[in-house]
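*Asks:* Counting in the numbering used here, the sequence shown runs from 814 upward without gaps.
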Amino acid sequence: MDDDFPTLPKDTLAILKQFMRERESVEAEGEAPEKISEDWQLSQFWYSEETTQRLTKECISALGPEGGQMACISCPTLVQDLIKEEAVKNGTVKVVLFEFDDRFGVKYPELFHKYDYRSPHAVEEKFRGCFDLIIADPPFLSDECLVKTAQTVRILSKDEKTRILLCTGAIMEEMAKRLLSTSRTKFEPKHANNLANDFACFANYATSTL
814 MDDDFPTLPK DTLAILKQFM RERESVEAEG EAPEKISEDW QLSQFWYSEE TTQRLTKECI
874 SALGPEGGQM ACISCPTLVQ DLIKEEAVKN GTVKVVLFEF DDRFGVKYPE LFHKYDYRSP
934 HAVEEKFRGC FDLIIADPPF LSDECLVKTA QTVRILSKDE KTRILLCTGA IMEEMAKRLL
994 STSRTKFEPK HANNLANDFA CFANYATSTL
């Protein structure tokens, strides 16, 4: 295997090898080859297929026919459905993934930008004040994680009209309202492995599909 990738740094090669092993595993099980398994140490819990489809539909609808720049913060599995949308394919909607897990950097090298919520201000200058819509799913159900994620959301927002979707535990409702001026929608995101926590979706605008 090493002879096949002689020019890659060791850390990148290790990530690629892991991704390829997972790909071979899911192919053997008859699953989609692009699937990346959850890493619970990173507090990863993937959305159900229906949830991914509903959130994708809302994001595209919220940007409208004129499209715009969209940021996905710590919700990497959403990208898989987003890139299938015609608005993304033709460039009307441009998606950027801010994510800690380097496996998604191998999968989406053109969309991926390394993000660690513990360093909320570590955002490249070109992304500051850039986005028309931001969807975020803080990896940990804690005040600290939401506060720091919200700081990044504000840095990325183009202006006060930037639309924000936040998926997190229902218990965070008051803090989300205080930090991002969001209200709870009727939609309840679900996870593929039936996460026990009461989960909710919040928005700072009147959603059209949730």
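We put the beta carbon where it would ideally sit given N, CA and C, even for glycine.
Does the beta-carbon of Ala989 have 16 or more other beta-carbons within 10 angstroms, so that it is buried, or is it exposed?
*Replies:* It counts as buried.
*Asks:* What are the start and end residues of the beta strand (DSSP E) that includes Gly773?
*Replies:* Residue numbering for the chain in the displayed model covers 814 to 1023; residue 773 lies beyond these limits and cannot be assessed.
*Asks:* Just verifying my parser: in three-state terms, what is the DSSP assignment at Thr981?
*Replies:* strand
*Asks:* Is there contact here, the segment 921-929 with the segment 857-873, by at least three beta-carbon pairs under 8 Å?
*Replies:* no
*Asks:* What whole-angstrom Cβ distance do Cys958 and Pro952 have, given they're in contact under 8 Å?
*Replies:* 7 Å
*Asks:* Can you give me the C-alpha to C-alpha distance between Leu1023 and Glu871, rounded to a whole angstrom?
*Replies:* 7 Å
*Asks:* Going by Cα to Cα distance, which pick from Thr981, Leu946 and Leu979 is closest to Gly881?
*Replies:* Leu946
*Asks:* Measure the CB-CB distance between Thr995 and Leu979 and report whether it falls below 8 Å.
*Replies:* Yes; because the gap between Cβ atoms is below 8 Å, this pair is in contact.
*Asks:* Can you find at least 3 beta carbon pairs, one from the segment 935-942 and one from the segment 961-976, that sit closer than 8 Å?
*Replies:* A contact exists between the segment 935-942 and the segment 961-976.
*Asks:* By a C-beta neighbour count over all protein chains shown, 10 Å radius and 16 as the cutoff for buried, is Arg991 buried or exposed?
*Replies:* exposed
*Asks:* Return helix, strand or coil for Ser838, following the three-state DSSP convention.
*Replies:* Because the pLDDT at Ser838 is just 48, under 50, the model does not fix this residue reliably, and the point stays unresolved.
*Asks:* Within 10 Å of its beta-carbon, does Glu912 have 16 or more other beta-carbons around it, so buried, or fewer, so exposed?
*Replies:* buried
*Asks:* Could you round the C-beta distance between Ser861 and Ala1005 to whole angstroms and report it? I think they count as a contact, below 8 Å.
*Replies:* 5 Å
*Asks:* Curious, which full-length alpha helix (DSSP H) runs of at least 4 residues does the segment 889-936 contain?
*Replies:* Listed in chain order, the alpha helix (DSSP H) runs fully inside the segment 889-936 are 890-895, 899-902 and 916-920, counting runs of at least 4 residues.
*Asks:* Does DSSP classify Ala963 as helix, strand or coil?
*Replies:* helix
*Asks:* Whose C-alpha, out of Glu1001, Arg976, Asp894 and Gln964, is nearest the C-alpha of Gly982?
*Replies:* It is Glu1001 whose Cα lies nearest to the Cα of Gly982.
*Asks:* Which whole-angstrom value describes the C-beta separation of Leu910 and His926, a residue pair presumed to lie in contact below a C-beta threshold of 8 Å?
*Replies:* 7 Å
*Asks:* To the nearest angstrom, how far is it from the Cα of Phe1012 to the Cα of Thr962?
*Replies:* 17 Å
*Asks:* Assuming Phe917 and Pro889 make a contact with CB atoms under 8 Å, what is their CB distance in whole Å?
*Replies:* 5 Å
*Asks:* Can you list, in chain order, the residues of its chain whose CB lies under 6 Å from that of Met985, leaving out five sequence neighbours each side?
*Replies:* For Met985, where only same-chain residues beyond five positions count, the Cβ hits under 6 Å are Leu959.
*Asks:* Identify which residue in Glu973, Lys1003, Ser874 and Asp894 has its Cα closest to the Cα of Leu993.
*Replies:* Glu973
*Asks:* So, Thr864 versus Lys1003, is the Cβ gap smaller than 8 Å?
*Replies:* yes
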